[in-house]
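Notes follow once the structure below has been shown.
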Amino acid sequence: MSNPFSFGGVVKEKKFCNRTGELKELKQDILNNQNVLIYAPRRFGKTSLVLKTVDELKEEYKDFRFVYIDLMTITDKREFINKYFNAIAKSLETPFDKTIEALKSFLRLKPIIKASISDTGNMVFSLDFSRNESDNVLDDILNMPMKYGEKYKVCIVFDEFQEIENIEGLENKLRSVIQNHSNVSYIFLGSKKSIINAMFSDTKRPFYKSVKHLTLSPISYEDWKRCITKAFKETSKMINEDIIEDILKITKGFPYYTQQLCYEIWELTEKEVDENIFNMALNRLLKQEREYFIAIWDNLTQNQKKALKIVLTTNGDNIYGDERAIGILKPSSLQTAIKKLIEKDILDKKDRYYFQDPLFEYWLRKEIV
Ligand SMILES: Nc1ncnc2c1ncn2[C@@H]1O[C@H](COP(=O)(O)OP(=O)(O)OP(=O)(O)O)[C@@H](O)[C@H]1O
Ligand SMILES: [Mg+2]
74 MSNPFSFGGV VKEKKFCNRT GELKELKQDI LNNQNVLIYA PRRFGKTSLV
124 LKTVDELKEE YKDFRFVYID LMTITDKREF INKYFNAIAK SLETPFDKTI
174 EALKSFLRLK PIIKASISDT GNMVFSLDFS RNESDNVLDD ILNMPMKYGE
224 KYKVCIVFDE FQEIENIEGL ENKLRSVIQN HSNVSYIFLG SKKSIINAMF
274 SDTKRPFYKS VKHLTLSPIS YEDWKRCITK AFKETSKMIN EDIIEDILKI
324 TKGFPYYTQQ LCYEIWELTE KEVDENIFNM ALNRLLKQER EYFIAIWDNL
374 TQNQKKALKI VLTTNGDNIY GDERAIGILK PSSLQTAIKK LIEKDILDKK
424 DRYYFQDPLF EYWLRKEIV
């Protein structure tokens, strides 16, 4: 029997736990052609949520089409143009000749369309154009969804949207074009809070107040309890509530780590989970993440390391007034360090400062403090 838990990739079907509220809201937004920003920390479930939502919409509406493009690895304009063009072509889900025909009808300039077979055996569509044509081609490509939207119900997903900053001129251009696309829904996913905040909340930036913000909360303990118990039961193993509580105390419901820890526990369990198995699984998890955590730690300045220690000892509460903090770092240095740690997406603040990554916090408490 295969492990009912998984981590790293997109989760679907049975492995997808809850998020029913967000799913319903996002579906309605897409149907309303609303543009939406979903920010959440890395490995929090953004991509899984959006892909599940569009999969359901595809089932429900035969004329629904979605275009998915991940900006993470794209480094320049030409690459963006071709990846976006290919993503649009693929989303059509029509036979080859029909795809070419449709693509031509969406374009104004009639550039040369190329089709080739990738190493993995997939058809890849791209455009042939010279360097001085690239601005016009970009304009044409960015406008394709509007034409596309006249025939289908279209949703465009830009994953890791903050990376658009690194492609010269694209942020301005994209905003100026898509504001006229009232028949299309654009979904922007982002995982770097300070960059995303600057992009959407800074009055000088093109995307200022241009989208609805959809908040992704952690999956609640109750939902996790239900999902975890069910997954063990369906694979003829048992887990009791106390152990699930222990899991959630460590992961704080953070989706990736909850799946990762459950995955290891399931692997080690023959019939029923006990404390011993839980501890062994936790050690496996910490071993897997150790190098990554060390790399984060090594990348910090001395003051930033001190500031993290202060957040740990004070639990992030009243850090500037705490006696213990003053002994370690001057308030002004602490303030500078905290600001940097927030920019680096290590800390965040609600009513107190907290670690974005619950396992990194756990590891620091165990190894460093
Ligand atoms: N709804 C969910 N139910 C159960 N597990 C989930 C859910 N969403 C995410 N996960 C877990 O979290 C992991 C990361 O999910 P996903 O890749 O969707 O997150 P992300 O926010 O897009 O991450 P990144 O910022 O790295 O792109 C998944 O591999 C899975 O283990
Ligand atoms: Mg993702």
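Just so you know, my numbering puts 368 at position 295 of the sequence shown, and the rest follows in order with no gaps.
Ideal Cβ positions, reconstructed from N, Cα and C, are used throughout, including at glycine.
Could you pull the start and end residues of the alpha helix (DSSP H) that residue i belongs to?
i           : result
residue 32  : Examination of residue 32 is not possible in this model, given that the chain is present from 74 through 442 alone.
residue 320 : 314 to 324
residue 334 : 328 to 341
residue 441 : Counting along the chain, residue 441 falls outside any alpha helix (DSSP H), and DSSP gives it neither H nor E.
residue 411 : 404 to 416
residue 288 : Counting along the chain, residue 288 falls outside any alpha helix (DSSP H), though it belongs to the beta strand (DSSP E) covering 285 to 288.
residue 274 : 266 to 274
Can you check whether the CB of residue j is closer than 8 Å to the CB of residue i?
i           : j           : result
residue 98  : residue 287 : yes
residue 161 : residue 130 : no
residue 350 : residue 232 : no
residue 157 : residue 214 : yes
residue 308 : residue 320 : no
residue 336 : residue 79  : yes
residue 163 : residue 211 : no
residue 179 : residue 134 : no
residue 384 : residue 435 : no
residue 446 : residue 236 : Limits of the chain in this structure are 74 at one end and 442 at the other, which puts residue 446 out of reach.
residue 230 : residue 346 : no
residue 241 : residue 150 : yes
residue 267 : residue 419 : no
residue 285 : residue 107 : yes
residue 410 : residue 376 : yes
residue 138 : residue 292 : no
residue 122 : residue 86  : no
residue 444 : residue 77  : Limits of the chain in this structure are 74 at one end and 442 at the other, which puts residue 444 out of reach.
residue 159 : residue 197 : yes
residue 448 : residue 155 : There is simply no residue 448 to check, as the chain begins at 74 and stops at 442 in what is shown.
residue 318 : residue 279 : no
residue 90  : residue 300 : yes
Given this structure, state the Cα-to-Cα distance separating residue i from residue j, to the nearest angstrom.
i           : j           : result
residue 226 : residue 256 : 8 Å
residue 290 : residue 114 : 10 Å
residue 302 : residue 313 : 8 Å
residue 368 : residue 341 : 28 Å
residue 432 : residue 361 : 11 Å
residue 136 : residue 166 : 11 Å
residue 444 : residue 322 : The chain is shown only over 74 to 442; residue 444 falls outside these bounds and no answer can be derived.
residue 252 : residue 219 : 10 Å
residue 84  : residue 205 : 42 Å
residue 306 : residue 398 : 47 Å
residue 120 : residue 249 : 26 Å
residue 324 : residue 428 : 12 Å
residue 201 : residue 186 : 6 Å
residue 209 : residue 111 : 30 Å
residue 381 : residue 363 : 17 Å
residue 181 : residue 216 : 9 Å
residue 316 : residue 442 : 26 Å
residue 223 : residue 177 : 14 Å
residue 20  : residue 372 : Since the first and last residues shown for the chain are 74 and 442, residue 20 lies out of range.
residue 234 : residue 118 : 15 Å
residue 269 : residue 405 : 26 Å
residue 378 : residue 402 : 11 Å
residue 116 : residue 421 : 16 Å
residue 152 : residue 174 : 23 Å
residue 282 : residue 357 : 44 Å
residue 393 : residue 348 : 39 Å
residue 311 : residue 386 : 37 Å
residue 74  : residue 88  : 15 Å
Could you tell me the boundaries of the beta strand (DSSP E) in which residue i lies?
i           : result
residue 294 : Not the beta strand (DSSP E): residue 294 falls in the alpha helix (DSSP H), residues 294 to 307.
residue 259 : 257 to 263
residue 427 : 426 to 428
residue 186 : 185 to 190
residue 111 : 109 to 112
residue 420 : 420 to 422
Query raised in the report: Counting only runs that start and end within the stretch 128 to 176, where is the alpha helix (DSSP H) found for 4 or more residues in a row?
Result: DSSP runs (the alpha helix (DSSP H)) wholly in the stretch 128 to 176: 150 to 164.
Query raised in the report: Of all the alpha helix (DSSP H) runs that stay within the bounds of the stretch 196 to 243, which reach a length of 4 or more residues?
Result: Runs of alpha helix (DSSP H) with 4 or more residues, each lying fully within the stretch 196 to 243, are found at 207 to 224, listed in chain order.
Query raised in the report: Which ranges would you report for the beta strand (DSSP E) in the stretch 345 to 395 if only whole runs of at least 3 residues count?
Result: Taking only runs of at least 3 residues, no beta strand (DSSP E) segment lies wholly in the stretch 345 to 395.
Query raised in the report: Residues near ligand 3, CB to any non-hydrogen atom under 6 Å, in chain order?
Result: As far as ligands go, the structure on display features ligand 1 and ligand 2 and does not contain ligand 3.
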